[in-house]
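Protein chains in written order, with the working numbering: chain A, 16 to 159; chain B, 16 to 159.
Just below is one structure, and these are the notes that go with it.
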DNA sequence: ATAGCTCTCTATAGTAGCTATAGAGTCAAG
DNA sequence: CTTGACTCTATAGCTACTATAGAGAGCTAT
């Protein structure tokens, strides 16, 4: 049961180019090739790509996924590392939510400053944006 | 009162390279030059850069900021366009928050699946990630 | 004047995770 | 035998910067 890259992509809900990209990045192993130099994939490839895509749908970075795949390929150890990775990831997501909610509040405050159609010079929003004293506090890398 | 790029950057809380980048992108006008070919800035530049940085701190894209600057430089019309832009931006932020909260729930569910230190094959998290039936629903471009 | 130091200049490449394009080859059906 | 769908490689583009190299400007201390 050997399928080509288009089928593999379809079954995993991603683009053909993305599969090749994962191969280049070392997340997917180099597959066998047909006589005409087409990539040929089997069940293990399908499962692995679905694993990757599922991790991506959980917004993990390729680097995190690489780590998970490494742990998975190396099943002698215990799985404490996986718990740590997931816990860290959850915390990052929660921090991002908090930052976005703060941001939303700033934007809503700004929106209140102009009700509608005034001449440009009187627009409270523009003036609010010009006001250099009301910058949003941000850490070094915002991670919104 | 003419300052050089380092001072300008310091006053606006960004890097020197970022100022040059904004110039290349057409957000900042090309400034006058000194005899030694150094960029020289005045008050208008300072105000404009602070405006840009404030918008960035509100997570607006450079493209959105370009639009705002265009509206600002063209003060004959009324300011309805600014309201629309801001409203759209707030909605994008709210969608992102919603998506992240969903994502967080998925991650927390996954975390429940493995309490601690089992051998790798039994790790509920890895098995949960392999399960292709539990992908997170995502629109075309996730915008997390 | 010369050394040392900080600031500035241009140009280029790298970051993440793809997406898009060009130009060529493969393969099955009509 | 040609059409069409699929695949191949290689390269450039996207966002908003960051990092690097190598050279010049301008000030202070000797």
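Idealized CB from N, CA, C, for every residue including glycine.
- For residue 67(B), same chain residues with a beta-carbon under 7 Å away, outside a window of 5 residues either side, are 37, 42, 80 in chain order.
- Under DSSP, residue 56(A) forms a beta bridge with 18(A).
- Straight through space, the alpha carbons of residue 97(B) and residue 45(B) are spaced by roughly 25 Å.
- Residues of chain B whose Cβ lies closer than 7 Å to the Cβ of residue 127(A) do not exist; the shortest such Cβ separation is about 11 Å.
- Within 7 Å of the CB of residue 111(A), the CB atoms of chain B belong to 115, in sequence order along the chain.
- Nearest CB-CB separation between residue 70(A) and chain B: below the 8 Å threshold.
- Residue 75(A) counts as buried, since no fewer than 16 other beta carbons sit within 10 angstroms of its beta carbon.
- Using beta-carbon distances, residue 144(B) counts as an interface residue toward chain A, with a partner under 8 Å.
- The Cβ atoms of residue 16(B) and residue 57(B) lie closer than 8 Å to each other.
- Pairing residue 94(A) with residue 77(A), the inter-Cα distance amounts to about 19 Å.
- For the pair residue 114(A) and residue 108(B), the Cα-to-Cα distance works out to about 11 Å.
- Taking all protein chains shown into account, residue 49(A) has fewer than 16 neighbouring C-beta atoms within 10 Å of its C-beta and is therefore exposed.
- Contact annotation for residue 121(A) against chain B: 73 [CB-CB distance below 7 Å, chain order].
- With a cutoff of 8 Å on beta-carbon distance, residue 101(B) and residue 141(A) are scored as not near each other.
- Straight-line spacing of the CA atoms in residue 138(B) and residue 86(A) works out to 11 Å.
- Residue pairing by DSSP puts residue 48(A) in a beta bridge opposite 54(A).
- With a contact defined as Cβ atoms closer than 8 Å, residue 144(A) and residue 60(B) miss out at about 16 Å.
- Within the segment 54-124 of chain B, the complete alpha helix (DSSP H) segments at least 4 residues long are 58-72, 77-87, listed from N- to C-terminus.
- Linking residue 84(A) to residue 73(A) through their CA atoms gives a straight-line distance of about 15 Å.
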